[in-house]
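Taking it in order: structure first as structure tokens, then the write-up.
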Amino acid sequence: MPQDRSSFFRGDANRRQVLAMGGALAAGAAGASWAAHTRRRDAAVFVAAGQRYDGPLVQTIREGLAACGIGPALCRGKRVLLKPNLVEPTRAIPHMTTHPAVIVAAAEAFRSWGADVRVGEAPGHVRDTAGALVESGVGEALAAARLPFADLNYQASAWRRNRLRCSSLDGIYLPQDVLEADLLVSLPKLKTHHWVGMTCSLKNLYGILPGLRYGWPKNVLHHRGIPQTVVDINGVAPRTIAIVDAIDCMEGDGPILGSCKALGALLIGGNPTAVDATAARLMGLVPERINYLQLAAGRLGPVVGRQIEQRGDRWESIAARFALLDEPHLAPLKALSDDELQT
Amino acid sequence: MSPLPSSPPLAREASSQRLEDVAARLSAGPWTYAVGGESCAEPAAAAVVALAARGSWDEARRAALWLASLQASDGSVGVSASAPEPHWPTAWAIVAWQALRLAPDPSLSAFLHQPIERAVAWLLAAGGKTADRSPAMGHDASLQGWSWAVGTHSWLEPTCYGVVALRCCGLAGHPRAREGVQLVLDRLLPQGGANYGNTLVLGNTLLPHVPTTGLALLALAGNRLQDPRIEASLGLLEQRLGPETTAMSLSFALLGLTAWNRRPADAGAWIAHRLQATDVASSPFQQALLLLAASPPEAQSRVLGFAPSAV
């Protein structure tokens, strides 16, 4: 990497300058293999502030991916599976699920780089996937964009050995479209979570497991431990990157009943653990205290701030404390001072 | 609810022809969730029940036979040939096999005596994990119903299937069936309707869902229950259903409403409209559910083992 990392973000470097550097990075990474990319322990997270659902999201996503070393050369001819969060959609709570505009924009970005793109989800709380697509508005958006949808709840699945063994699961069943994907793109909605503090790109992968095997909800996973199984699933998933819908987020009683928290941001990164750690910081949560991030640290990616390269806007510039339920198990997750977030 | 653009008589006529086509497809198999998938127990069972409700006994027998081929030595029925676990479709298989036993010609279902006996034995021995009541949860976790997978909690939907299966076998008075009914009632939301299983979590009431509300009402039918949440649940379904309701939600909701003598006048037109949707055209499972929901109330009563109830 030829650039001086510390100079990227010194002072008030504007996002365009940073993006230009990201483009150079992407070109440099063009020849990297997927496997080599996966072995990288450092990670970059791109934050784009000032985003709107009716804004130029395709451009922002392309720029963000490029800034994290993901470009056309890595995507051309590859099967890319976009995994939004459609856990329990209802028109009454649109900030619960990934916005259709973000899904379609991400698809367009990868399509423009020559990827074969589809969208897949196994909604965790509803068996009627067609209903979930209607309630979320995603079905209509996918039809308009001519994007195929894979209902992962009902697909045939194959067993994969649980490589990380954070939980007692011997193996994990993955559906066909996940197994065949060259690149999985976790497209979560940024939300608080009433059991584990927050849900973002790592926890979003609960939704790649087929309900036919794990139920509605996927209670097999709860019984083996939510933090442990979050990490185990990510450990068996194909190469995964993250694009987080943090434009309208959820705070309070997430992941279903919380209030809308407007943040106006997209987070993008090649390492979901780094992305989630950054997301936690900007929510005012200490990522090192979130159980599944503790487990993910070192196994899946970096959590400590100094190991995560910031690209685009600084997360500090958009940081906004997210309200959590007033519950004893959540209180320790909150940062009491900014220093606790600067690790 | 706004009427469909087409006139009711035309819609019903189209529906009749469409239902014939659907029945023919379900008779031939494969019984999948979607085109290109493998045949699975639940779609096959739904096809058997739907065809039996129409009196298409020979056609139902084929799917019932295939379903029997999935049965394991312990009596359970898994998801599919390639997914012998988990076993939650066992209850569905019992309902299907019992429906075929209603055929006027008993020789059609003679092969089912042992499979049903073994499946019921498995169902009565199986159950979800229980727990003490927790202040974090609104429901009574000490009640035992049925789970989606071994070693996990009892959830609303598999418990509804278990209750209906035992009821179809004349075992509505069995303690497991009675506890199942108690569980389903316990999981109704305070204002009516049912979530996928929880009621309140950390003090907040969860969202009602259409298909689980319909299934809960189907499971509760035939019981003398004085609970205002039942009327509230019926009202919720009546308010939410319409021509744009998706197939699974529409089907389960109509089954629940029919079991309580509250089948909407527009039900046939909604089913006809839904059968034209492209996602339904590619899903034998959804077609089977719609075909079952389209059958006359008395036929549903026979194959699902309920005496129509009233609040």
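Chains as they are written, first to last, in our numbering: chain A, 1 to 343; chain B, 1001 to 1311. Just so you know, even glycine gets a beta-carbon here, dropped at the ideal spot from N, CA and C.
Please work out which residues of its chain come closer than 6 Å, Cβ to Cβ, to residue i, disregarding the five sequence neighbours upstream and downstream, and give them in chain order.
i	result
residue 228 of chain A	166, 167
residue 1057 of chain B	1103, 1108
residue 1210 of chain B	1240, 1249, 1253
residue 221 of chain A	229
residue 148 of chain A	118
residue 324 of chain A	192, 330
residue 252 of chain A	258, 259, 323
residue 1068 of chain B	1115
residue 1050 of chain B	1288, 1291, 1292
Given that a residue counts as buried once 16 or more other Cβ atoms are within 10 Å of its Cβ, and exposed if not, what is residue i?
i	result
residue 159 of chain A	exposed
residue 1139 of chain B	buried
residue 1239 of chain B	exposed
residue 1054 of chain B	buried
residue 1278 of chain B	exposed
residue 153 of chain A	buried
residue 1261 of chain B	exposed
residue 1106 of chain B	exposed
residue 304 of chain A	exposed
residue 1151 of chain B	exposed
residue 163 of chain A	exposed
For a contact meaning CB atoms closer than 7 Å, what does residue i contact in chain A?
i	result
residue 1153 of chain B	219
residue 1249 of chain B	128, 131
residue 1209 of chain B	126
List, in order along the chain, the chain A residues whose C-beta lies closer than 9 Å to that of residue i?
i	result
residue 1033 of chain B	151, 153, 154, 155, 212
Could you name the residues of chain A that residue i contacts, counting a contact when the two beta carbons are closer than 8 Å?
i	result
residue 1279 of chain B	130
residue 1202 of chain B	194, 253, 325, 327
residue 1037 of chain B	154, 155, 156
residue 1135 of chain B	What residue 1135 of chain B touches in chain A: nothing, since even the nearest Cβ is about 11 Å away.
residue 1015 of chain B	The premise fails here: residue 1015 of chain B is roughly 19 Å from chain A at the closest Cβ pair, so nothing lies under 8 Å.
What's the C-alpha gap between residue i and residue j?
i	j	result
residue 134 of chain A	residue 89 of chain A	9 Å
residue 370 of chain A	residue 1196 of chain B	As displayed, chain A neither begins before 1 nor continues past 343, which places residue 370 of chain A out of reach and without an answer.
residue 1133 of chain B	residue 225 of chain A	20 Å
residue 1200 of chain B	residue 1216 of chain B	17 Å
residue 292 of chain A	residue 230 of chain A	7 Å
residue 1268 of chain B	residue 1250 of chain B	11 Å
residue 21 of chain A	residue 112 of chain A	Low confidence applies to residue 21 of chain A: its pLDDT is 35, below 50, so where it sits in the model is not reliable, and the reading given next is rough at best. Going by the C-alpha atoms only, they are around 21 Å apart.
residue 1030 of chain B	residue 1283 of chain B	10 Å
residue 94 of chain A	residue 1080 of chain B	35 Å
residue 1155 of chain B	residue 207 of chain A	19 Å
residue 1340 of chain B	residue 1291 of chain B	Outside the shown range of chain B, which is 1001 to 1311, sits residue 1340 of chain B, and nothing can be said about it.
residue 1162 of chain B	residue 1145 of chain B	8 Å
residue 182 of chain A	residue 239 of chain A	7 Å
residue 1244 of chain B	residue 1271 of chain B	10 Å
residue 70 of chain A	residue 270 of chain A	7 Å
residue 40 of chain A	residue 66 of chain A	Here residue 40 of chain A scores only 49 on pLDDT, less than 50, and its place in the model should not be relied on; the value that follows carries that caveat. Cα-Cα distance, rounded: 16 Å.
residue 1173 of chain B	residue 98 of chain A	46 Å
residue 306 of chain A	residue 320 of chain A	20 Å
residue 1234 of chain B	residue 73 of chain A	56 Å
residue 1093 of chain B	residue 339 of chain A	59 Å
residue 1213 of chain B	residue 1237 of chain B	8 Å
residue 212 of chain A	residue 1148 of chain B	9 Å
residue 249 of chain A	residue 1297 of chain B	45 Å
residue 75 of chain A	residue 1128 of chain B	45 Å
How would you list, in chain order, the residues of chain B whose beta-carbon sits under 8 Å from the beta-carbon of residue i?
i	result
residue 216 of chain A	1148, 1155, 1157, 1196
residue 134 of chain A	1244, 1246
Take residue i and list the residues in its own chain whose beta-carbon comes closer than 8 Å to its own, dropping the five residues that flank it on each side.
i	result
residue 1131 of chain B	1141, 1142, 1153
residue 177 of chain A	81, 118, 120, 150, 152, 155
residue 1205 of chain B	1138, 1189, 1190, 1191, 1199
residue 1078 of chain B	1041, 1070, 1072, 1084, 1085, 1086, 1087, 1089
residue 1082 of chain B	1038
residue 161 of chain A	170, 171, 236
residue 1025 of chain B	1284, 1287
Sorted by chain position, which residues of the same chain lie with C-beta nearer than 7 Å to residue i's C-beta, five sequence neighbours on each side aside?
i	result
residue 180 of chain A	79
residue 1207 of chain B	1195
residue 1043 of chain B	1031, 1032, 1033, 1284, 1285, 1288
residue 138 of chain A	84, 86, 100, 103
- Query: When you check each C-beta in the region 1111-1123 of chain B against every C-beta of chain A, which residues fall closer than 9 Å?
  - Reply: Against chain A - using a Cβ distance shorter than 9 Å - the region 1111-1123 of chain B contributes no residues.
- Task: Taking a Cβ distance cut-off of 9 Å, strictly less, list which residues of the region 1157-1179 of chain B are near chain A, in chain order.
- Result: Residues passing the 9 Å Cβ filter: 1157, 1158.
- Going along the region 70-102 of chain A in order, which residues come within less than 7 Å of chain B, judged by CB to CB distance? When C-beta distances to chain B are compared with 7 Å, the residues of the region 70-102 of chain A below that value are 88, 90, in chain order.
- Query: Going along the chain, which residues of the region 255-268 of chain A sit with their C-beta nearer than 8 Å to a C-beta in chain B?
  - Reply: Hits within the stretch, in order: 256, 257.
- Could you name the residues of the region 1053-1086 of chain B whose beta carbon sits closer than 9 Å to any beta carbon of chain A, in the order they occur along the chain? Residues are counted here when their Cβ sits less than 9 Å from a Cβ of chain A; for the region 1053-1086 of chain B these are 1079, 1080, 1082, 1083, 1085, 1086, given in chain order.
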